[in-house]
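Below is one structure; the comments refer to it alone.
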Amino acid sequence: MKSESLSSSLQHASALLEALTEPVFAVDGQWRLVYINRQAAAELEAAPLELLGQQLWDCFPQGLDPALAAEYRQVMQTRQARQFGLYSPVRGRGVEVHAFPYGDGIAVHTRDLPSGAVWETARGDVAELFELRSTLEQRVAARTAELVRRNEELAAETAALQAFASFTELTGRETRLDVLTQAAVSVLHRALGEGSTGYYAQEGDLWKQRVWAGDMEPGTVTAAETGFAADLPLFAWPATSGEALFVDEWRSSGHLLAAYTPEYGAVAIYPVMVQGQTVGQLAAGLREKTCWSERDRAVFRAVGRALSLAAERADLTRALSLQKEELAARNAVLEAFAELGRGLSLHTGPLQLVRCAQELILGLLPSGYVVYAEPEEGRWRFRVQVGDLGSAELQAAVDAGLPFEETRNLLAPWQTGQPFYQDNYDTHTDELETITAHVATTAALPVLVDGVPRGVLAVALFERRPWTQTDRVFLETVVRSLGLALERAAGARALAEKQLQLEQVNRDLEAFASSVSHDLRAPVRHIASFAGLLRPLIADEPRARRYLDIIEQSAGRMNTLIESMLTLSRLGSGELQKTDVALAELVDEVQTELASEAEGRRIEWRVGDLPVVRGDATLLRQVIHNLLGNAVKYSRPRETAVIEVWAEAAEHEQQIHVRDNGVGFDPECAGRLFEVFKRLHSPEEFEGHGVGLASVQRIVTRHGGRVWAAGRPGEGATFTFTLPV
Numbered sequence: 272m273k274s275e276s277l278s279s280s281l282q283h284a285s286a287l288l289e290a291l292t293e294p295v296f297a298v299d300g301q302w303r304l305v306y307i308n309r310q311a312a313a314e315l316e317a318a319p320l321e322l323l324g325q326q327l328w329d330c331f332p333q334g335l336d337p338a339l340a341a342e343y344r345q346v347m348q349t350r351q352a353r354q355f356g357l358y359s360p361v362r363g364r365g366v367e368v369h370a371f372p373y374g375d376g377i378a379v380h381t382r383d384l385p386s387g388a389v390w391e392t393a394r395g396d397v398a399e400l401f402e403l404r405s406t407l408e409q410r411v412a413a414r415t416a417e418l419v420r421r422n423e424e425l426a427a428e429t430a431a432l433q434a435f436a437s438f439t440e441l442t443g444r445e446t447r448l449d450v451l452t453q454a455a456v457s458v459l460h461r462a463l464g465e466g467s468t469g470y471y472a473q474e475g476d477l478w479k480q481r482v483w484a485g486d487m488e489p490g491t492v493t494a495a496e497t498g499f500a501a502d503l504p505l506f507a508w509p510a511t512s513g514e515a516l517f518v519d520e521w522r523s524s525g526h527l528l529a530a531y532t533p534e535y536g537a538v539a540i541y542p543v544m545v546q547g548q549t550v551g552q553l554a555a556g557l558r559e560k561t562c563w564s565e566r567d568r569a570v571f572r573a574v575g576r577a578l579s580l581a582a583e584r585a586d587l588t589r590a591l592s593l594q595k596e597e598l599a600a601r602n603a604v605l606e607a608f609a610e611l612g613r614g615l616s617l618h619t620g621p622l623q624l625v626r627c628a629q630e631l632i633l634g635l636l637p638s639g640y641v642v643y644a645e646p647e648e649g650r651w652r653f654r655v656q657v658g659d660l661g662s663a664e665l666q667a668a669v670d671a672g673l674p675f676e677e678t679r680n681l682l683a684p685w686q687t688g689q690p691f692y693q694d695n696y697d698t699h700t701d702e703l704e705t706i707t708a709h710v711a712t713t714a715a716l717p718v719l720v721d722g723v724p725r726g727v728l729a730v731a732l733f734e735r736r737p738w739t740q741t742d743r744v745f746l747e748t749v750v751r752s753l754g755l756a757l758e759r760a761a762g763a764r765a766l767a768e769k770q771l772q773l774e775q776v777n778r779d780l781e782a783f784a785s786s787v788s789h790d791l792r793a794p795v796r797h798i799a800s801f802a803g804l805l806r807p808l809i810a811d812e813p814r815a816r817r818y819l820d821i822i823e824q825s826a827g828r829m830n831t832l833i834e835s836m837l838t839l840s841r842l843g844s845g846e847l848q849k850t851d852v853a854l855a856e857l858v859d860e861v862q863t864e865l866a867s868e869a870e871g872r873r874i875e876w877r878v879g880d881l882p883v884v885r886g887d888a889t890l891l892r893q894v895i896h897n898l899l900g901n902a903v904k905y906s907r908p909r910e911t912a913v914i915e916v917w918a919e920a921a922e923h924e925q926q927i928h929v930r931d932n933g934v935g936f937d938p939e940c941a942g943r944l945f946e947v948f949k950r951l952h953s954p955e956e957f958e959g960h961g962v963g964l965a966s967v968q969r970i971v972t973r974h975g976g977r978v979w980a981a982g983r984p985g986e987g988a989t990f991t992f993t994l995p996v
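Just so we're aligned: the sequence shown equals residues 272 to 996 in this note's numbering.
Below you can see the structure in the form of structure tokens.
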């Protein structure tokens, strides 16, 4: 409002000068026109704006008069007003000239010679107007300077706020503490506008300055980087209280460091805390001020809080990163063991598994060795060793076996079931002081199989190093995976042995079935033959003929069962003659074969696209025949039978489905469908002997596939078998 008033007053004074009927002009110290009213410009036949900035001597012809020029120069030099008369060629008469100081130049007012009283009054008015204009211009200049200063302060404040905003943004994405502290120190210095700022970290009993910004004396920098005692109240109180400390009148505060840093007028410390612990301290010293204003206190606390939150977040990020590293290490071990497991055969011995684990460990650690020992008859017997022990005497002792009780490095994990780590190996642990001086770091871990210790895996390093959390996770994961691998290997061997036994039993059963079938065929043939011979002899005895019919029917069924048993036994023997088999062609052939059984019935076949598979064409044709034959048979009660055949590609296999709308079955009895001679329907309902689906399962299993069924009573059934791709 004040500047607007000054501007209004200046405009008013200019308007008064413009209203005068006499010429008025002003020049600066370089004789350049800085003001000219319309009357003066009219005498020169030009507009005022065209003349501003031009030299006086170039504009007024009378200005070339030596006497007039001398008068103007005298006023310019003496800064005293002058009044004189002259003849004006422009006006054609004498004029009165009044010249007086104005700014760093002069102002000139000319008029025709009037009577004395009128002239004096006019001259006074013009002088007052120019004095008013000069005063107003000075006030405008002072106000402008004030506004410029305030604008500079606002610009500095804006820059500080922008810096704080940038720091706030940085804290949201940066996790490196050194970068965060440097940014905090810089933004705090810009916000305070003077002095210096720094960040201190504790090393032992000293607080040492890590980064700083601003105006800091070289001696103070050296002392701060060397470190200040942690028990100094300036650092101890904020560190223990968790509160910011502001010290006004620093030079006379009585603090021990005040005498050595007299350049500061006020000092402040803010504790940077992570999880309730002080991890650093933010410091600031003001040179020009001796007291902390509320604004500066608020700024200092805001930066300190932001840095604490950023440090907390950085610590959390580091913890998460460490967890990720541990997880990555664990996954790497698991992947390595998974790869290892894929490369091992069922005949791989447990000690070979141990060696693989040892090689994996030694490949990721510094120079050393890894041994595996098991207790036997009061001594530790070392079964597997990877790496040189570094001592012939130690090698001899290990080869001979170490005492069970005295070798505590192995005994501890064996008894506790927990790893035993020594960052600095104590040679007295195993009473091997004279031959293990070269061993620096050890770790011993129990190998558990089914929860019971089987042995101990020991790692020894020749270079001293602490076992990090990642190291421990790595070792424990390796040993845990080794135990699981040993369990799986033992289980696989047991399963392989059981499978061999089952295969032998199966071969024995097949041989027995084949033998029995062959042995039964002759008696059955004899029964049927003698029954045929008896029939003419009892033609007149109806009761005997009925008995004979029963004998012949039973012999026929027995012969069919024998043939089925022989067929089933043959399916489990012989090599598969694998070729590329087009299932669509097999389905077409079987449909043609079943046409006679379906004569007189309405059957709707829905056959989708079927793949070409790898298998024994003869056996796969039997699978298709048995499944489609069942679909035709069990859909007999339907007015229109619907039989669908389609395939679906799954991961590593093809799935072939056969679905009908027949009588279906109880889903709880699905498992019995594939058992030999097991039937869910009576012979009076549907003919059969319970061998067809058992044959399907045996053929599909020999091809490396699976078979299953789904259905509900009265809603049809779906049979599915798979073949590997």
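Glycine included, every Cβ here is placed at the ideal spot set by N, Cα and C.
Query raised in the report: Is there at least one Cβ from chain B nearer than 8 Å to Val884's Cβ?
Result: Among the chains in the structure shown there is no chain B, since it carries only a single protein chain.
Query raised in the report: What do you reckon, are the CB atoms on Thr532 and Thr491 nearer than 8 Å?
Result: Residue mapping note: residue 532 aligns to position 261 of the sequence shown, counting from 1. Residue mapping note: residue 491 aligns to position 220 of the sequence shown, counting from 1. For Thr532 and Thr491, yes; Cβs fall inside 8 Å.
**Report entry** Coil, strand or helix - Gly900 by DSSP
**Finding:** Along the sequence shown, read from residue 1 onward, the residue named residue 900 stands at position 629. DSSP places Gly900 in the helix class (H, G or I) of the three-state scheme.
Report task. In angstroms with no decimal places, state the Cα-to-Cα distance between Phe653 and Ser638. Result -> As a working note, residue 653 is residue 382 in the sequence shown. As a working note, residue 638 is residue 367 in the sequence shown. Roughly 20 Å between the two C-alpha positions.
Query - Cβ separation of Val916 and Val971, assumed to be a contact under 8 Å, to the nearest whole Å - result: Within the sequence shown, residue 916 is the residue found at index 645, counting from 1. Within the sequence shown, residue 971 is the residue found at index 700, counting from 1. Between Val916 and Val971, the beta carbon gap of about 16 Å keeps them out of contact (Cβ cut-off 8 Å).
Report task. Can you give me the start and stop residues for the alpha helix (DSSP H) that Trp738 sits inside? Result -> What you label residue 738 is simply residue 467 of the sequence shown in a count that begins at 1. Annotation for Trp738: no alpha helix (DSSP H) segment contains it, and DSSP assigns it neither H nor E.
Query - Inter-residue spacing [alpha-carbon to alpha-carbon] between Gly726 and Leu598 - result: Against the sequence shown, residue 726 aligns to sequence position 455. Against the sequence shown, residue 598 aligns to sequence position 327. Distance between the alpha carbons of Gly726 and Leu598: 26 Å.
Query raised in the report: Do Gly985 and Val934 come within 8 Å of each other at the CB atom, strictly closer than that value?
Result: As a first step, residue 934 must be located in the sequence shown, where it is residue number 663. As a first step, residue 985 must be located in the sequence shown, where it is residue number 714. For Val934 and Gly985, yes; Cβs fall inside 8 Å.
Query - Own chain partners of Gln925 with C-beta closer than 7 Å, once the 5 adjacent residues on each side are dropped - result: Stepping through the sequence shown from its first residue, residue 925 is reached at position 654. Excluding positions up to five away in sequence, the list reads Pro882, Val884, Ala918, Thr993, Leu994, Val996.
Query raised in the report: Can you tell me where the beta strand (DSSP E) with Ile970 in it begins and where it stops?
Result: By 1-based counting over the sequence shown, the position of residue 970 is 699. Per DSSP, Ile970 belongs to no beta strand (DSSP E); it is in the alpha helix (DSSP H), 963 to 973.
**Report entry** 6 Å Cβ shell around Arg576 - same chain, five flanking residues per side excluded
**Finding:** By 1-based counting over the sequence shown, the position of residue 576 is 305. No residues qualify anywhere along the chain.
**Report entry** Cutoff 7 Å; reference Gly634; Cβ partners in own chain excluding five residues on either side
**Finding:** As a position in the sequence shown, residue 634 is number 363, starting the count at 1. Excluding positions up to five away in sequence, the list is empty.
Requested in this report: Given a cut-off of 8 Å, decide if Val366 and Arg353 are closer than it, judged by their beta-carbon atoms.
Outcome: For the purposes of this step, residue 353 is taken as residue 82 along the sequence shown, with counting starting at 1. For the purposes of this step, residue 366 is taken as residue 95 along the sequence shown, with counting starting at 1. Cβ distance not < 8 Å, so Arg353 and Val366 don't count as in contact.
Query raised in the report: Where do the N-terminal and C-terminal ends of the beta strand (DSSP E) with Leu304 fall, by residue?
Result: By one-based count along the sequence shown, residue 304 stands at place 33. Start and end: 304 to 307.
**Report entry** Per DSSP, cross-strand counterpart(s) of Met544
**Finding:** The residue given as residue 544 occupies position 273 in the sequence shown. In DSSP, Met544 forms a bridge with Thr549.
Query raised in the report: Does the separation of the CB atoms of Thr991 and His896 fall below 8 Å?
Result: For the purposes of this step, residue 991 is taken as the residue at position 720 of the sequence shown. For the purposes of this step, residue 896 is taken as the residue at position 625 of the sequence shown. No, these two residues do not count as a Cβ contact at 8 Å.
Query raised in the report: Does the pairing of the region 664 to 673 with the region 753 to 772 give three or more beta-carbon distances under 8 Å?
Result: Proximity of the region 664 to 673 to the region 753 to 772 falls short of the contact definition, fewer than three beta-carbon pairs being nearer than 8 Å.
Query raised in the report: Which whole-angstrom value describes the C-beta separation of Val730 and Leu636, a residue pair presumed to lie in contact below a C-beta threshold of 8 Å?
Result: Taking the sequence shown and counting its residues from 1, the one referred to as residue 730 is at position 459. Taking the sequence shown and counting its residues from 1, the one referred to as residue 636 is at position 365. Contact between Val730 and Leu636 holds, since their C-beta atoms are separated by about 7 Å, short of 8 Å.
Query raised in the report: Cβ of Asp931 within 8 Å of Cβ of Gly987?
Result: Counted from its first residue, the sequence shown places residue 931 at position 660. Counted from its first residue, the sequence shown places residue 987 at position 716. Yes, the pair counts as a contact, with Cβ atoms nearer than the cut-off.
**Report entry** For Val718, the nearest candidate out of Arg796, Ala628, Ile377 (CA to CA)
**Finding:** The count along the sequence shown starts at 1 and reaches residue 718 at position 447. Residue Ala628 is the option with its Cα nearest to Val718.
Requested in this report: Return helix, strand or coil for Asp670, following the three-state DSSP convention.
Outcome: Residue numbering aside, residue 670 sits at position 399 when the sequence shown is read from its first letter. If DSSP states are grouped into helix, strand and coil, Asp670 belongs with the helices.
Report task. Rounded to whole angstroms, what's the CA-CA distance from Ser752 to Arg892? Just pull it up for me. Result -> Numbered from 1 along the sequence shown, position 481 holds the residue referred to as residue 752. Numbered from 1 along the sequence shown, position 621 holds the residue referred to as residue 892. Straight-line Cα distance between these residues: approximately 46 Å.
Query raised in the report: Taking the C-alpha atoms as reference points, what is the distance between Tyr643 and Thr678?
Result: Numbered from 1 along the sequence shown, position 372 holds the residue referred to as residue 643. Numbered from 1 along the sequence shown, position 407 holds the residue referred to as residue 678. Taken atom to atom, the span from the alpha-carbon of Tyr643 to that of Thr678 is near 13 Å.
**Report entry** Minimum C-alpha distance to Pro646 - residue among Pro724, Cys562, Ser592
**Finding:** Residue mapping note: residue 646 aligns to position 375 of the sequence shown, counting from 1. Nearest option by C-alpha distance: Pro724.
Report task. Figure out for me which residue from Gly976, Tyr306, Lys479 has the closest Cα to the Cα of Glu496. Result -> Taking the sequence shown and counting its residues from 1, one reaches residue 496 at position 225. Per the C-alpha coordinates, the member of Gly976, Tyr306, Lys479 positioned closest to Glu496 is Lys479.
Query - Nonlocal neighbours in the same chain, by C-beta distance under 6 Å from Val305, ignoring five residues either side - result: As a position in the sequence shown, residue 305 is number 34, starting the count at 1. Ala297, Asp299.
Query - Cα-Cα separation, Leu580 to Leu503 - result: Start at 1 with the first residue of the sequence shown, and residue 580 comes out as number 309. Start at 1 with the first residue of the sequence shown, and residue 503 comes out as number 232. Inter-residue distance for Leu580 and Leu503 is about 26 Å (C-alpha atoms, whole angstroms).
Query raised in the report: Nearest to Leu728 by alpha carbon, out of Glu565, Trp521, Glu630?
Result: Looking up residue 728 in the sequence shown gives position 457. If we check each option's Cα against that of Leu728, Glu630 comes out closest.
Query raised in the report: Any chance the region 551 to 569 sits against the region 469 to 486, with 3 or more Cβ pairs inside 8 Å?
Result: Yes, they touch.
**Report entry** Selection from Pro337, Glu417, Glu342, Gln301 that minimises the alpha carbon distance to Gly324
**Finding:** The count along the sequence shown starts at 1 and reaches residue 324 at position 53. Scanning Pro337, Glu417, Glu342, Gln301 for the CA closest to the CA of Gly324 turns up Gln301.
Query - Pairwise C-alpha distance: Ala455 and Arg997 - result: The structure shown does not extend to residue 997, since the chain spans only 272 to 996, so no value can be given for it.
Report task. Count the other C-beta atoms from every protein chain shown that fall within 10 angstroms of the C-beta of Gly525, then say buried if there are 16 or more, exposed otherwise. Result -> For the purposes of this step, residue 525 is taken as the residue at position 254 of the sequence shown. Answer is exposed; the Cβ neighbour count stays below 16.
Requested in this report: For Glu342, count neighbouring C-beta atoms within 10 Å of its own C-beta (all shown protein chains included) and say buried if the count is 16 or more, exposed if not.
Outcome: Position 71 of the sequence shown, counted from the first residue, corresponds to residue 342. Glu342 comes out buried.
**Report entry** Pick from His923, Val641, Leu757 that is closest to Gln666, judged by C-alpha positions
**Finding:** As a working mapping, residue 666 is identified with position 395 in the sequence shown. Minimum Cα-Cα distance from Gln666 among the listed residues His923, Val641, Leu757 corresponds to Val641.
Query raised in the report: Does the Cβ-Cβ distance between Thr698 and Glu704 come in under 8 Å?
Result: Position 427 of the sequence shown, counting from 1, holds the residue named residue 698. Position 433 of the sequence shown, counting from 1, holds the residue named residue 704. Yes, Cβ-Cβ distance for Thr698 and Glu704 is below 8 Å.
Requested in this report: Answer yes or no: do Leu624 and Leu746 have a C-beta to C-beta separation smaller than 8 Å?
Outcome: As a first step, residue 624 must be located in the sequence shown, where it is residue number 353. As a first step, residue 746 must be located in the sequence shown, where it is residue number 475. Not in contact: Leu624 and Leu746 (Cβ atoms no closer than 8 Å).
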